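Residue numbers (the numbering used here): 3 to 254.
Cβ coordinates follow ideal geometry from the N, Cα and C atoms, glycine included.
Source: prediction; values computed, not measured.
The structure appears right after this line, and notes come after that.
Right, dumping it as structure tokens:
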């Protein structure tokens, strides 16, 4: 029976990964999903549930000291790869060996067409998008990085998160505000939060939690359009990397 190593998240912030499956040619998506879950449950003796990303499944139990909502453990079809929380990042499913940063980023990009870019919190204008950032408005490391990015006018998109469960209920309020970009900037720079969201708010909690897990759960973590994934990147690194991607014409 396979086992997945677990490292609980502390108050710090950094990494992640996953893989995408080939579409079944004959079975319906629902039948394929059921078959995938049955296979994973036999492999790991764990209960699995589907995620918003095809071929990616989540262990459906609380992780000690690390609630499933903020640090999901994700496993790809047939147990080929897993995304764990915290510093364990992405691993090979059969051996538990960690993936390199380039392997991890390439794995996440298998789902690049399933990422709802318009649902991310956009910053820095409307130019080509070359960086996604898992960020927490209550994380001091995220605050420092985003302040530098804002000062430089950097274009990027945020996967919104928090560093624990206490502030998690306020994420829909930020996302559903009339100007989520400005609301996020106020929250991360001053701690000011908007009014509570209405019941009609369509904030997709599972979607953002899964993305957080794919990025490793630690904040801030950046994924660049060429598949480079970096935990707690320096502003200088971001500037240099985005300039390189611009010259190469690479964007999401």
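Selection from the options that minimises the alpha carbon distance to residue i
{"i": "residue 209", "options": "37, 220, 85 and 162", "result": "162"}
{"i": "residue 223", "options": "165, 79 and 183", "result": "165"}
{"i": "residue 63", "options": "188, 169, 148 and 51", "result": "51"}
{"i": "residue 120", "options": "76, 235, 219 and 182", "result": "182"}
{"i": "residue 57", "options": "184, 42 and 144", "result": "42"}
{"i": "residue 187", "options": "124, 82, 171 and 55", "result": "124"}
{"i": "residue 55", "options": "138, 193 and 109", "result": "109"}
{"i": "residue 149", "options": "122, 192, 129 and 171", "result": "192"}
Collapsed DSSP secondary structure at residue i in the structure displayed
{"i": "residue 84", "result": "strand"}
{"i": "residue 76", "result": "strand"}
{"i": "residue 42", "result": "helix"}
{"i": "residue 234", "result": "coil"}
{"i": "residue 184", "result": "helix"}
{"i": "residue 189", "result": "helix"}
{"i": "residue 174", "result": "helix"}
{"i": "residue 20", "result": "Note that residue 20 scores a pLDDT of 38, beneath 50, so its modelled location is shaky and nothing firm can be said."}
{"i": "residue 92", "result": "strand"}
{"i": "residue 220", "result": "coil"}
{"i": "residue 205", "result": "coil"}
{"i": "residue 244", "result": "helix"}
{"i": "residue 195", "result": "coil"}
{"i": "residue 210", "result": "helix"}
{"i": "residue 254", "result": "coil"}
Whole-number beta carbon distance between residue j and residue i, since they are thought to touch under 8 Å
{"i": "residue 107", "j": "residue 229", "result": "4 Å"}
{"i": "residue 227", "j": "residue 254", "result": "5 Å"}
{"i": "residue 178", "j": "residue 205", "result": "6 Å"}
{"i": "residue 134", "j": "residue 244", "result": "Not quite, the Cβ-Cβ distance comes to about 12 Å (not below 8 Å), so this is no contact."}
{"i": "residue 154", "j": "residue 237", "result": "7 Å"}
{"i": "residue 190", "j": "residue 144", "result": "7 Å"}
{"i": "residue 95", "j": "residue 77", "result": "7 Å"}
{"i": "residue 74", "j": "residue 167", "result": "About 13 Å separates the two Cβ atoms, so there is no contact after all."}
Spatial distance of residue i from residue j (CA atoms)
{"i": "residue 37", "j": "residue 114", "result": "24 Å"}
{"i": "residue 242", "j": "residue 118", "result": "26 Å"}
{"i": "residue 101", "j": "residue 176", "result": "34 Å"}
{"i": "residue 44", "j": "residue 105", "result": "26 Å"}
{"i": "residue 203", "j": "residue 173", "result": "11 Å"}
{"i": "residue 140", "j": "residue 147", "result": "12 Å"}
{"i": "residue 59", "j": "residue 195", "result": "32 Å"}
{"i": "residue 132", "j": "residue 252", "result": "7 Å"}
{"i": "residue 239", "j": "residue 112", "result": "24 Å"}
{"i": "residue 80", "j": "residue 219", "result": "23 Å"}
{"i": "residue 199", "j": "residue 216", "result": "27 Å"}
{"i": "residue 26", "j": "residue 40", "result": "Confidence at residue 26 is low in this model, with a pLDDT of 46, below 50, so its placement is unreliable and no value can be given for it."}
{"i": "residue 169", "j": "residue 180", "result": "20 Å"}
{"i": "residue 264", "j": "residue 53", "result": "This structure cannot speak to residue 264, because the chain is shown only from 3 to 254."}
{"i": "residue 92", "j": "residue 49", "result": "20 Å"}
{"i": "residue 214", "j": "residue 130", "result": "22 Å"}
{"i": "residue 207", "j": "residue 171", "result": "10 Å"}
**Asked** Hey, which unbroken runs of the beta strand (DSSP E) at 3 residues or more fall wholly within the stretch 100-171?
**Response** Entirely contained in the stretch 100-171, the beta strand (DSSP E) runs reaching 3 residues are, in chain order, 123-125, 133-138 and 158-163.
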